[in-house]
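Notes for the one structure printed next.
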DNA sequence: AATATATATTGTCATAGTGACACTATATTG
DNA sequence: CAATATAGTGTCACTATGACAATATATATT
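Residue numbers (the working numbering), protein chains in the order written: chain A, 1 to 236; chain B, 1001 to 1236.
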């Protein structure tokens, strides 16, 4: 049999295949709190529960799982571009009542000032991580958020990635607070500042911000390569 | 409609779904060379070309993509356990002639002295990476090996993971050669030894190995947690 | 206007892991 | 016993970090 004949006779519907989805933990920083984007489910399964944005890969629209994730991110946040990273692919016969299902999990870091939640369509909400009840979410999405959060935490120890969550201009103290929140521990101001400055990850804007007493200098991200790692991770 | 009714009426075969596979880059160390396991394809598509071990997730046998990978590893190498890590999930409409396909890529590190290739069934071969012609492989498997290798290289800068490739007993010079091969650069013997010893990743066996002149002490892995990272990555 | 106070920012020093490279140790070979 | 090859160590400079004291600059208070 030639390859042509083989392909003409091949029918994927003859086989048992898993459900195949893409899910995303979209993180943002709102009033000094880490938030994650949730979408309300109007339909079965897990009807009337909150879930991560995501869904089936559209074989006609999507050229890759990344493309599917970007499409869904755009639908939910209006953002055409944002930091998006694949975390892990998780599958089991149990996680979706419809059958054996596989999801490619991503996380996205967005600057909340650039987001416009859609006014029509599905209900979406920013949920502070501190108020999240993981068990209440649809499917295993509580666990997925946990996996994504662990990855973000790990990244924060050896890259400046969380800077993606900051608005256009920010102070180093604000940035330090963000890292402290992600890492769930306090950092030394001097060590943190040396680290950030020597990596050339930010530059002064010239402006300053008064948040009480001494004004803090404002910085912007220099948009260097996200893959540039610090020469040492923060100590545990 | 109740959830029960919904599920009874749900038929995955109504939808266009991607082909869903698991592929593995199984690395081993043979005669001081990094090798990768290849399987000969008897059937279309990509008939009569070499490919990575892998294939469709079996919804009846496999409880997770990891389980599918472990099952295939056992089939091809006889190994019931080995270091196995998910790398990335890659999909596109083009990579498989049968249609839109998604593969969860893993890499495995095996001790070649514990491997027994199956005598019956598919032809399998250990291919030295130095002799590999990536373009000649089936599908995009050349690229997959490259992705897996990049991950292994990255890991070698901040973990002792490659130790999984070594036999039960080995000398530090041999281990250093392995790291040098993976990283594609020379390392300082003193720095390397300090690093390995202070992390308590190996212990002396008491024996020694004569490979010419002064005998080298033999060590074994202490099987500490694979997730314990060095406090600093090797400099680039 | 001087002082208290809160937050921002910097100075200083000890510590620890790395790279570089010279040096020592221990076997075989002729 | 000397030459040699490979194994393994001593030493030092460098650098990023943690710890914490010290300084800077604004507002609030008197």
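For each residue, glycine too, the CB sits at the ideal point set by N, CA and C. Computed from a predicted structure; not experimentally measured.
Considering only the alpha carbon of each residue, which of the options lies closest to residue i?
i	options	result
residue 102(A)	89(A), 112(A), 154(A) and 213(A)	89(A)
residue 1043(B)	5(A), 25(A) and 40(A)	5(A)
residue 75(A)	115(A), 176(A) and 36(A)	115(A)
residue 181(A)	140(A), 32(A), 208(A) and 164(A)	32(A)
residue 229(A)	20(A), 188(A), 215(A) and 161(A)	161(A)
residue 18(A)	80(A), 55(A), 91(A) and 81(A)	91(A)
residue 1221(B)	1163(B), 1124(B) and 1191(B)	1163(B)
residue 125(A)	21(A), 39(A), 226(A) and 157(A)	39(A)
residue 95(A)	73(A), 133(A), 20(A) and 117(A)	20(A)
Would you verify that the beta carbon of residue i is, or is not, closer than 8 angstroms to some beta carbon of chain A?
i	result
residue 1089(B)	yes
residue 1237(B)	Residue numbering for chain B in the displayed model covers 1001 to 1236; residue 1237(B) lies beyond these limits and cannot be assessed.
residue 1030(B)	no
residue 1232(B)	yes
residue 1050(B)	no
residue 1016(B)	yes
residue 1047(B)	yes
residue 1147(B)	no
residue 1036(B)	no
residue 1083(B)	no
residue 1102(B)	yes
residue 1093(B)	yes
residue 1141(B)	no
residue 1044(B)	yes
Could you compute how far the alpha carbon of residue i sits from the alpha carbon of residue j?
i	j	result
residue 219(A)	residue 159(A)	18 angstroms
residue 213(A)	residue 173(A)	13 angstroms
residue 1046(B)	residue 1068(B)	22 angstroms
residue 30(A)	residue 64(A)	31 angstroms
residue 1170(B)	residue 1110(B)	15 angstroms
residue 194(A)	residue 66(A)	35 angstroms
residue 119(A)	residue 1078(B)	56 angstroms
residue 1234(B)	residue 196(A)	20 angstroms
residue 185(A)	residue 1140(B)	43 angstroms
residue 238(A)	residue 1216(B)	In this structure chain A extends from 1 to 236, so residue 238(A) is not present and cannot be described.
residue 1122(B)	residue 1053(B)	10 angstroms
residue 209(A)	residue 190(A)	20 angstroms
residue 1016(B)	residue 1227(B)	39 angstroms
residue 3(A)	residue 1055(B)	18 angstroms
residue 179(A)	residue 232(A)	16 angstroms
residue 198(A)	residue 157(A)	16 angstroms
residue 183(A)	residue 1133(B)	44 angstroms
residue 1192(B)	residue 1149(B)	21 angstroms
residue 1177(B)	residue 165(A)	42 angstroms
residue 1034(B)	residue 1010(B)	48 angstroms
Are any of the Cβ atoms in chain B nearer than 8 angstroms to that of residue i?
i	result
residue 86(A)	yes
residue 262(A)	One cannot answer for residue 262(A) here, as it falls past the ends of chain A, which runs 1 to 236.
residue 128(A)	no
residue 98(A)	yes
residue 40(A)	no
residue 182(A)	no
residue 10(A)	yes
residue 203(A)	no
Leaving out the 5 sequence neighbours to the left and right, which residues in its chain are closer than 6 angstroms to residue i when beta-carbon positions are compared?
i	result
residue 1093(B)	1100
residue 1167(B)	1111 and 1113
residue 1240(B)	The structure shown does not extend to residue 1240(B), since chain B is modelled only from 1001 to 1236, so the question has no answer here.
With a threshold of 7 angstroms on Cβ separation, who are the neighbours of residue i within its own chain once the five nearest residues in sequence on each side are excluded?
i	result
residue 1224(B)	1200 and 1201
residue 211(A)	none
residue 137(A)	49, 50 and 51
residue 236(A)	none
residue 8(A)	none
residue 135(A)	142
residue 1240(B)	Residue numbering for chain B in the displayed model covers 1001 to 1236; residue 1240(B) lies beyond these limits and cannot be assessed.
residue 80(A)	74
residue 41(A)	47, 48, 49, 51 and 138
Spatial neighbours of residue i within its chain, please: C-beta separation below 8 angstroms, excluding the five flanking residues on both sides.
i	result
residue 1071(B)	1058, 1061 and 1062
residue 967(B)	One cannot answer for residue 967(B) here, as it falls past the ends of chain B, which runs 1001 to 1236.
Assess contact between the segment 72–88 of chain A and the segment 105–121 of chain A, defined as three or more Cβ pairs (one per stretch) separated by less than 8 angstroms. Is contact present? Yes, the segment 72–88 of chain A touches the segment 105–121 of chain A.
For the 8 angstroms Cβ check, are there 3 or more pairs between the segment 53–73 of chain A and the segment 150–165 of chain A? At 8 angstroms Cβ cutoff, the stretches do not touch.
Contact between the segment 1194–1213 of chain B and the segment 119–137 of chain A: three or more CB pairs below 8 angstroms? Judged by pairs of C-beta atoms under 8 angstroms, the segment 1194–1213 of chain B does not touch the segment 119–137 of chain A, as fewer than three such pairs exist.
Pair every Cβ in the segment 1143–1150 of chain B with every Cβ in the segment 1013–1033 of chain B, then say whether three or more of these pairs are closer than 8 angstroms. Yes, the segment 1143–1150 of chain B is in contact with the segment 1013–1033 of chain B.
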